[in-house]
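Just so you know, the sequences run in chain order A and B.
The first sequence runs 1 to 635 under my numbering.
The second sequence runs 636 to 1006 under my numbering.
Glycine included, C-beta positions come from ideal geometry on N, C-alpha and C.
Working notes, beginning with the structure itself.
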Amino acid sequence: MTSQVSSPSAEQHNLGEQRNPVKETKRLDRVIIRFAGDSGDGMQLTGDRFTSETASFGNDLSTLPNFPAEIRAPAGTLPGVSSFQLHFADHDILTPGDAPNVLVAMNPAALKANIDDLPRGAEIIVNTDEFTKRAMTKVGYPASPLEDGSLSAYAVHPVPLTTLTVEALKDFDLSRKEAERSKNMFALGLLSWLYHRPTEGTEAFLKKKFAKKPQVAEANVAAFRAGWNFGETTEDFAVSYEIAPASAAFPTGTYRNISGNLALSYGLVAASKQADLPLFLGSYPITPASDILHELSKHKNFGVRTFQAEDEIAGIGAALGAAFGGSLAVTTTSGPGVALKSETIGLAVSLELPLLVIDIQRGGPSTGLPTKTEQADLLQAMYGRNGEAPVPIVAPSTPADCFDAALEAARIALAYRTPVFLLSDGYLANGSEPWRIPDLDDLPDLRVRFATAPNHDGEFWPYLRDPETLARAWAVPGTPGLEHRIGGIEKQDGTGNISYDPANHDLMVRTRQAKIDGVTVPDVTVDDPSGEARTLVIGWGSTYGPITAAVRRIRGSGGRVAQAHLRHLNPFPRNLGEVLGRYNKVVVSEMNLGQLAHLLRAKYLVDARSYTQVTGLPFKAEQLATAIQEESADV
Amino acid sequence: MSEAPAIDQPEPGPLLPEGGQGGRLPALSLVPKADAKQSMKDFKSDQEVRWCPGCGDYAILAAVQGFMPELGLARENVVFISGIGCSSRFPYYMNTYGMHSIHGRAPAIATGLATSRRDLSVWVVTGDGDALSIGGNHLIHALRRNVNLKILLFNNRIYGLTKGQYSPTSEVGKITKSTPMGSLDAPFNPVSLAIGAEASFVARTIDSDRKHLTQVLREAAAHPGTALVEIYQNCNIFNDGAFDALKDNATAEEALIRLEHGQPIRFGADASKGVVRDPATGDLKVVAVTPENEGSVLVHDAHATSPTTAFALSRLADPDTLHHTPIGVLRSVERPVYDTEMSEQLETAVEQHGKGDLGALLNGNDTWTVL
Ligand SMILES: Cc1ncc(C[n+]2csc(CCOP(=O)(O)OP(=O)(O)O)c2C)c(N)n1
Ligand code: SF4
Ligand SMILES: [Mg+2]
């Protein structure tokens, strides 16, 4: 379905037409809502739906799903709380927001786990039905927080969500337990009313999702409508809010909402099309990367082959085999999987075959925090192999940017015949934002030329290089007359035959390094509106949103700070050294203990300061702004 | 993908040959044939062979090079992929496409190639350490998937390349550099392992018996799906004579059981011994053949649906003395081939949803326009 942001009212749905004219409507420029409940309460689905409604309404938005690694952690406990935060606005925004203005708490655990993040004055919608003595004791509330005055700093809306849902569904042939399950849709209906969200998308979604169980579909739609109507009629919600579409924030075009992993998957399909090579994915399931495997496995009609291997080593091995045969080969994983793949990445470096290694980083070390975000695999990607084994590294900066980053990684891999790392992370993977759908004609041409004829005195030498890129000749099996053998043993320059010659090894090591050092990457751009900043804040990957938001805050209060963000971490942009040299102070902000700072200090001898955080969550803009200001105070 | 390929990539053959049999394609029907008659020489690369003089690998190389012309495949559509070990140097000596990869991973790499390029004949060369120790996981999964791969496992019951440590096929008590007081762990029987891993084709042969080796290669090549061929190979430097019991005229007759499909399983001088089923346990045992029991000698059925008897046959061998070692094709059954089925899913997806349309994919069904 397509709607037009310039005239949202044209698409008003039937629920909206019934809006009570006596209730007051207020205009807001932005809102941050957090839905929180038990892992089994369907909070991610609720958040996703609210996001879709918001996207099709035309607000700018950014999301932060946050859930436990356990599928169904014990019910009603603090570790079992799952939440979804959504920031939406009538202007351009960069992050899912620091602190929610509205918390929807489906049970005591959800309230307790999230209350500390709420600023004074925030609204809390609580499901009072779940505030039983037992449930409260379970999370350590000695008395009901709804009654003991401890929430007096907030505007609390007590709503018996469960009872109301069951009541609304009493005409359905459902057990109480089954009916209760729709309480998240009741809550969604209420919130949709409260924020004037278009609702037809959710109704259509529910009908499709439960197409095989029409009874369940109807019940969910009914609960959703009941929630909406409850808002309309109850005294407790006297005011509803409008947040105008962010029309001015968006260049003209067609938009959709997209998460990082989906954008990345689409980027891979697009790269395959642009390269005119079939896509092959070899992968082993791991959070938060599995969704790419799931997504690509749906697109077999694009000639996409997905192979769920026995382990990560086989996943990348199969991809490398497919690359040898002329596929655009990809392997997707997270940090622990990268550790297993290192030896094969080294082989790919030696074979000089194109291969995309996609690492959706999560908290480490070891199993770490499977569902939380971190950027601590940078040095693993950079150095985590035996021998001198340079690998280019590309990092997307926002969920939608994962699409372009995939194309860019494919460009480098194919043009230079090399494995390439793409470092996304859990925050980008699961977070979403509006994406301007690109014009297919604007996508880069990624076609490659395979070798088809002998290249050296009637022979084929697989390690003869293009003088410009240093890429070696790539002949795929099936090409007559070019039969050759490649392997991980050191090869003689040119012929590719086994060679243990000392001088040749020295040459080959340096040549492989020179090839990667010579990869063309765009210069890094610096944002410094005043032109007078003496502090540069630099980051990479998913910290783009929070850093940019922090920089805006500083500038908003009269501060001067320059910002640069790196998409290419190996090789660095050619102008990076010069850029760093322009500032008295360089602050590097990243979700690790200073890995980029380490690389910058080593390469450019710059006294880079680190501001880091490894909480498994993205930076908060306000905190970051304060930290940057403190760092630059004495400049 | 899109219409005009920018590259001269060979067009893969049709996905189903005429009169295709669904998931049961003949192994090589999609591989282009050679234009002219080939000879052994065509398959020899220009690289100097560097195994130790006397190594059993030479005989296997000669047998493979000698056999390939018989298949008559376009040489450029043949690929050898190996892991690491003495045996894994093999691809360098074949004048085909080849990859000498990393330790144990060849079956995984070959799986990616074979599934994405069904116009290729893909061979894996591996050793007992490569296939059964570091690469054990990939081997069993390749076998159960039944990818169109031919795996040649050179079993010398030792780590050759790393200079003589015991391997997962070494007999218990093996004295090596890493086990001066004797190895402690029980060996794998690769044939039993393969049968347990759902292999659709399992055979065993010996480096020194060129005729038998060639016959087994022939059957393996014709098999649709994964074929595992265990080749007993002598490492004359670190485990010399490991298979003498099977090679020495004086002992071989009593030790070797040559299996032939459809034939009674008899061996020994004047075929005086036979394999029968013990009615009490259902297990197999070796008996002296008499006119009374002659009729109950088991007839070898390589195509039996159940792997039970093939497994029991594989267990007759004594891991220490090698007595009663069956060679030949123990099991050869047809079952769906992974890469065929994968391609069929791709075709079905096109039938169901049409050829992928990138514009439609990127748009999805929930968009809005900003004017
Ligand atoms: C990851 C890794 N670990 C260890 C080695 C060392 N290594 C090379 S070959 C080999 C064993 C080879 O034995 P086998 O597969 O039986 O081959 P053979 O040399 O006997 O033919 C080992 C342990 C290696 N190359 N790579
Ligand atoms: S060490 Fe053994 S297996 Fe290796 S080449 Fe020498 S004889 Fe052959
Ligand atoms: Mg060995």
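Regarding Tyr315(A) and ligand 3, is the C-beta to nearest heavy atom distance less than 7 Å? Checking the displayed sequence, the identity of residue 315(A) turns out to be Gly instead of Tyr. No.
Would the beta-carbon of Cys687(B) be found less than 7 Å away from any heavy atom of ligand 1? No, the beta carbon of Cys687(B) sits no closer than 7 Å to any heavy atom of ligand 1.
For chain B, find out if any of its Cβ atoms is closer than 8 Å to the Cβ of Lys300(A); answer yes or no. In terms of beta-carbon proximity, Lys300(A) lines the interface with chain B, with at least one pair separated by less than 8 Å.
Reference Ala389(A), options Val349(A), Ile412(A), Leu422(A) and Ala405(A), closest by Cα: For the residues Val349(A), Ile412(A), Leu422(A) and Ala405(A), the minimum Cα distance to Ala389(A) belongs to Val349(A).
Thinking C-alpha only, which one of Thr371(A), Ser424(A) and Asn386(A) is nearest Val394(A)? Nearest of Thr371(A), Ser424(A) and Asn386(A) to Val394(A), Cα basis: Ser424(A).
Who are Gly282(A)'s beta bridge partners in DSSP? Partner(s): Phe307(A) and Thr331(A).
Between Phe873(B) and ligand 2, is there a pair consisting of the residue's CB and a ligand heavy atom that are separated by less than 7 Å? At least one heavy atom of ligand 2 is nearer than 7 Å to the Cβ of Phe873(B), so yes.
Let me know the secondary structure DSSP gives Gly658(B) once reduced to three states. In this prediction, Gly658(B) has a pLDDT of 31, which is less than 50 and means its spatial position is unreliable; what the coordinates show is noted afterwards. In the structure shown, Gly658(B) falls within a coil segment according to DSSP collapsed to helix, strand and coil.
The segment 438-451 of chain A: which residues have C-beta closer than 8 Å to a C-beta of chain B, in chain order? Cβ contacts with chain B come from Pro438, Leu440, Arg447, Val448, Arg449 and Phe450.
Which of the three DSSP states, helix, strand or coil, is assigned to Asn790(B)? Asn790(B): strand per DSSP, three-state reduction.
Closer than 8 Å, Cβ to any Cβ of chain A: which residues of the segment 678-691 of chain B, in chain order? Shown in chain order are the members of the segment 678-691 of chain B whose Cβ falls below 8 Å from a Cβ of chain A: Ser680 and Gln682.
In or out: Lys990(B) buried (at least 16 other Cβ within 10 Å) or exposed? That one is exposed.
In three-state terms, what does DSSP make of Tyr141(A)? Correct three-state label for Tyr141(A): coil.
Please list, in chain order, the chain A residues whose beta carbon lies closer than 8 Å to that of Gly989(B). By Cβ distance, chain A contributes Asn301.
Compare the C-beta of Val269(A) with all C-beta atoms of chain B and state if any pair is closer than 8 Å. In terms of beta-carbon proximity, Val269(A) lines the interface with chain B, with at least one pair separated by less than 8 Å.
On a Cα-Cα basis, can you pick out the residue from Asn1000(B), Glu889(B) and Ala945(B) that is closest to Glu833(B)? The shortest C-alpha separation from Glu833(B) is found at Ala945(B).
Which whole runs of the beta strand (DSSP E) in the segment 141-225 of chain A are 3 residues long or more, in chain order? Correct list: 155-159.
Starting from the Cα of Thr761(B), find the closest Cα among Ala743(B), Ala885(B) and Ala923(B) and give me that residue. That would be Ala743(B), whose Cα lies nearest to the Cα of Thr761(B).
Only counting runs of 3 or more residues, tell me where the beta strand (DSSP E) segments fall wholly within the segment 662-707 of chain B, in order along the chain. Qualifying beta strand (DSSP E) stretches: none in this window.
Taking a cut of 7 Å between CB atoms, which residues from the segment 758-787 of chain B lie near chain A? So the list reads Asn772, His773 and His776, given in the order they occur along the chain.
Answer yes or no: do Lys668(B) and Ala709(B) have a C-beta to C-beta separation smaller than 8 Å? Annotated as proximal: Lys668(B) and Ala709(B), with beta-carbon spacing under 8 Å.
Can you find the residues in the same chain that come closer than 6 Å, C-beta to C-beta, to Pro618(A), ignoring five residues on each side of it along the sequence? Excluding sequence neighbours, Pro618(A) sits near Tyr427 and Pro546.
Tell me the start and end of each unbroken beta strand (DSSP E) in the segment 881-952 of chain B that is at least 3 residues and wholly inside, in chain order. Correct list: 891-893, 908-912 and 919-923.
Considering just the uninterrupted stretch of the alpha helix (DSSP H) at Thr51(A), what are its terminal residues? DSSP places Thr51(A) in the uninterrupted alpha helix (DSSP H) bounded by Met43 to Phe57.
Within 7 Å: the Cβ of Cys721(B) and any heavy atom of ligand 2? Cys721(B) Cβ: within cutoff of ligand 2.
Compare the C-beta of Ser722(B) against all C-beta atoms of chain A and say whether one is closer than 8 Å. With 8 Å as the cut-off, Ser722(B) does not count as an interface residue toward chain A.
How would you list, in chain order, the residues of chain B whose beta-carbon sits under 7 Å from the beta-carbon of Gly201(A)? Those are Asp1001, listed as they occur along chain B.
Classify Glu927(B) as buried or exposed, calling it buried when 16 or more other Cβ atoms lie within 10 Å of its own Cβ. When all chains shown are included, Glu927(B) counts as exposed.
Please go through the same chain and pick out, in chain order, the residues whose beta-carbon is closer than 6 Å to the beta-carbon of Leu660(B), but skip the five residues on each side of it. Bear in mind that a pLDDT of 37 at Leu660(B), under 50, signals an unreliable position, so the model cannot answer this.
So what does DSSP say about Asp992(B), is it helix, strand or coil? Annotated three-state conformation of Asp992(B) is coil, per DSSP.
Verify the CB distance criterion: does Leu340(A) have a CB-CB separation below 8 Å to chain B? Using a CB distance cut-off of 8 Å, Leu340(A) does not count as an interface residue toward chain B.
Comparing the C-beta of Ser327(A) with each C-beta of chain B, is any distance below 8 Å? Chain B has a Cβ within less than 8 Å of the Cβ of Ser327(A).
For Gly76(A), go through chain B and note every residue whose CB falls closer than 7 Å to its CB, in chain order. In chain order: nothing, as chain B lies at least about 34 Å away.
Taking DSSP as the reference, what is the three-state secondary structure of Pro419(A)? Note: Pro419(A) maps to strand in three-state DSSP.
Output needed for Leu891(B): all residues of its chain with C-beta closer than 7 Å, excluding positions within five of it in sequence on either side, in chain order. Cβ neighbours of Leu891(B) beyond the five flanking positions: Leu881, Phe902, Thr960 and Ile962.
Could you tell me the distance, in whole angstroms, from the CA atom of His157(A) to the CA atom of Ser265(A)? In a straight line, the C-alpha of His157(A) is about 41 Å away from that of Ser265(A).
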